[in-house]
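**Student:** Numbering (the working numbering), first residue to last: 1 to 379.
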Ligand SMILES: Cc1ncc(COP(=O)(O)O)c(C=O)c1O
């Protein structure tokens, strides 16, 4: 059987063995419910609170501002619904390049006439037009601005400092979906002017189905999921203790090894870029992803010139044992194309593939992928 090559680390990552080890007691012996007052319950509760402390420390904030969720999607939905229902925000500004976990709840609520939605302009490289954002905020200062830190398809990076200062200077609220950047880029909440931030465990070698939401203590939101009094009444539902413990451990490892991982992964990306440019004439890179210094180090989004076999490219790579995404993996399987690439007016006849790397990838794997591409795309 062919060896699998996994170049889809923006979709999800493997679970780090040390993370699994940390989770194991909570998947086996320590199975108490964090809401129970007996010893087993207290052990579970204490594990959750220790994890909260760790996450808060890594973000340089207070544990009282960290809430665990089922992932990035729930964190984003909580912010949007919370701003609408608890803070009286009616104008929402986002970009057409956001993940569906932001765009779809906003579009759903707009359709129900619950809110007014504005899309900030972006240029053909996916850069957010901050002058347009400023104009929109001048007209509607008390808006929620939701802009992602790192784009999951293009690897574009937003200047959180700059945007935060702009939004807060106008009196708005600022949310950033940091799902692709947590543990990869430094985030210091004492330095940033940010109200809400979303993260997800499975993007940094933690478990799936667990994430967190930072809510600045100046803001009080009602829960999005109503139920028990868990998460200090912010999120009903028995805590995913093992998941939360795993998320915190994975985050800790990611921060401790951030620079080491970054330089290794950037080396893979640099090598991949050089090899593909040489092997396939006419390839270009979508968004900022081809700019090695100014894009996420783990993402490169390749645009292949028109070719009769383009339609089959992802399928053919899959046959070769190579896992990649065409656009965002979160909507893969639907084959409706990428709203991000559509916004950037990437010509339809080109095939677009997002390759995303982790520390587990090697240059030898890059060589194998380039060989496979050459084979698939040979005339
Ligand atoms: C930028 C971004 N936001 C949100 C999500 C959704 O996160 P989760 O899978 O934890 O719900 C993803 C997942 O691909 C993502 O890349």
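The beta-carbon is built from N, C-alpha and C at its ideal position, and this holds for glycine as well.
When the Cα atoms are used, what is the spatial distance from residue 99 to residue 30?
**Tutor:** Each residue's Cα considered, the two are about 36 Å apart.
**Student:** Where DSSP assigns a beta bridge to residue 5, which residues make up the other side?
**Tutor:** 322.
**Student:** Would you decide whether residue 105 is buried or exposed? Buried here means 16 or more other CB atoms lie within 10 Å of its CB.
**Tutor:** So residue 105 ends up on the buried side.
**Student:** Please indicate yes or no: does the CB of residue 95 lie closer than 7 Å to some heavy atom of ligand 1?
**Tutor:** Flag unset: Cβ of residue 95 not near ligand 1.
**Student:** Per DSSP, residue 82 is paired with what?
**Tutor:** Bridge partners of residue 82: none, in fact.
**Student:** Using CA coordinates, which residue listed in 280, 91 and 248 is at the minimum distance from residue 183?
**Tutor:** Residue 248 is the option with its Cα nearest to residue 183.
**Student:** With DSSP collapsed to three states, give me the class of residue 232.
**Tutor:** Reduced to three states, the DSSP call for residue 232 is helix.
**Student:** Closest to residue 228 by C-alpha separation, out of 219, 103, 238 and 222, would be which residue?
**Tutor:** Of the listed residues, the one whose Cα sits closest to residue 228 is 238.
**Student:** Between the alpha carbons of residue 65 and residue 364, how many angstroms are there, rounded?
**Tutor:** Residue 65 and residue 364: Cα-Cα distance of roughly 43 Å.
**Student:** In this structure, what does DSSP give as the bridge partners for residue 354?
**Tutor:** Note: residue 354 sits in a beta bridge opposite 301 and 325.
**Student:** Between the Cα of residue 167 and those of 197, 156, 130 and 190, spot the shortest distance and give me the residue it belongs to.
**Tutor:** Considering only alpha carbons, the answer is 130.
**Student:** With distances taken from CA atoms, which of 162, 49 and 22 is nearest residue 34?
**Tutor:** Comparing Cα-Cα distances from residue 34 to each of 162, 49 and 22, the minimum goes to 49.
**Student:** In the DSSP assignment, find the unbroken alpha helix (DSSP H) run with residue 50 in it and report its ends.
**Tutor:** From DSSP, the alpha helix (DSSP H) with residue 50 extends over 39-59.
**Student:** Answer yes or no: the CB of residue 73 versus the heavy atoms of ligand 1, is any distance below 7 Å?
**Tutor:** Correct: residue 73 has its Cβ closer than 7 Å to ligand 1.
**Student:** Is it buried or exposed for residue 17, if we count other Cβ within 10 angstroms and need 16 for buried?
**Tutor:** Its Cβ having fewer than 16 others within 10 Å, residue 17 is exposed.
**Student:** Are residue 283 and residue 313 touching if we call contact CB-CB under 8 Å?
**Tutor:** No.
**Student:** Rounded to whole angstroms, what is the Cα-Cα separation between residue 80 and residue 74?
**Tutor:** So the two alpha carbons sit approximately 10 Å from each other.
**Student:** Taking only the alpha-carbon atoms, compute the straight-line gap between residue 116 and residue 86 and give it to the nearest angstrom.
**Tutor:** The straight-line gap from Cα to Cα measures roughly 16 Å.
**Student:** Is residue 324 near ligand 1, with its Cβ less than 7 Å from a heavy atom?
**Tutor:** Residue 324: no, Cβ never under 7 Å from ligand 1.
**Student:** Out of 286, 290 and 278, point me to the one whose CA is closest to residue 269's CA.
**Tutor:** Residue 290 is the option with its Cα nearest to residue 269.
**Student:** So does residue 177 have its beta carbon nearer than 7 Å to some heavy atom of ligand 1?
**Tutor:** Checking every heavy atom of ligand 1 against the Cβ of residue 177, one is found closer than 7 Å.
**Student:** Which one of 155, 114 and 242 has the shortest CA to CA distance from residue 46?
**Tutor:** Residue 242 is the option with its Cα nearest to residue 46.
**Student:** I'd like the list of long-range same chain contacts for residue 92, defined as Cβ closer than 6 Å, with 5 residues on each side in sequence excluded.
**Tutor:** These residues qualify, in order along the chain: 106, 115, 117 and 144.
**Student:** I'd like to know whether the C-beta atoms of residue 233 and residue 223 end up nearer to each other than 8 Å.
**Tutor:** Going by C-beta atoms, residue 233 is nearer than 8 Å to residue 223.
**Student:** Would the beta-carbon of residue 221 fall within 8 Å of that of residue 82?
**Tutor:** Cβ atoms of residue 221 and residue 82: closer than 8 Å.
**Student:** Measuring only the C-alpha atoms, how far is residue 349 from residue 199?
**Tutor:** Cα-Cα distance, rounded: 35 Å.
**Student:** Measure how close the beta-carbons of residue 366 and residue 271 come, nearest whole angstrom, since I'm counting them as under 8 Å.
**Tutor:** Yes, residue 366 and residue 271 are in contact; Cβ-Cβ is about 6 Å, under 8 Å.
**Student:** Can you tell me whether DSSP reads residue 263 as helix, strand or coil?
**Tutor:** Helix.
**Student:** Would you report the Cα separation of residue 13 and residue 148, rounded to the nearest angstrom?
**Tutor:** Cα to Cα, residue 13 sits roughly 20 Å from residue 148.
**Student:** Among 4, 173, 62 and 134, which has the Cα closest to the Cα of residue 188?
**Tutor:** When each option's Cα is compared against that of residue 188, the closest is 62.
**Student:** Could you tell me the distance, in whole angstroms, from the CA atom of residue 378 to the CA atom of residue 303?
**Tutor:** Taking the straight line from one Cα to the other gives about 16 Å.
**Student:** Is residue 69 near residue 197, with beta carbons less than 8 Å apart?
**Tutor:** Not closer than 8 Å, so no.
**Student:** Please report how far the alpha carbon of residue 208 lies from the alpha carbon of residue 251, in whole angstroms.
**Tutor:** Straight-line Cα distance between these residues: approximately 13 Å.
**Student:** Taking C-alpha atoms, which residue in 261, 262, 295 and 300 lies nearest to residue 277?
**Tutor:** Looking at the Cα atoms, 300 is the closest of the given residues.
**Student:** Quick check: the Cα distance between residue 307 and residue 326, rounded to an integer number of angstroms?
**Tutor:** Rounded to the nearest angstrom, the two C-alpha atoms are 16 Å apart.
**Student:** Mapping the DSSP letters down to three states, classify residue 333 as helix, strand or coil.
**Tutor:** Note that residue 333 has pLDDT 47, beneath the 50 cutoff, so the model's placement of it is unreliable and the number below is only indicative. Residue 333: coil per DSSP, three-state reduction.
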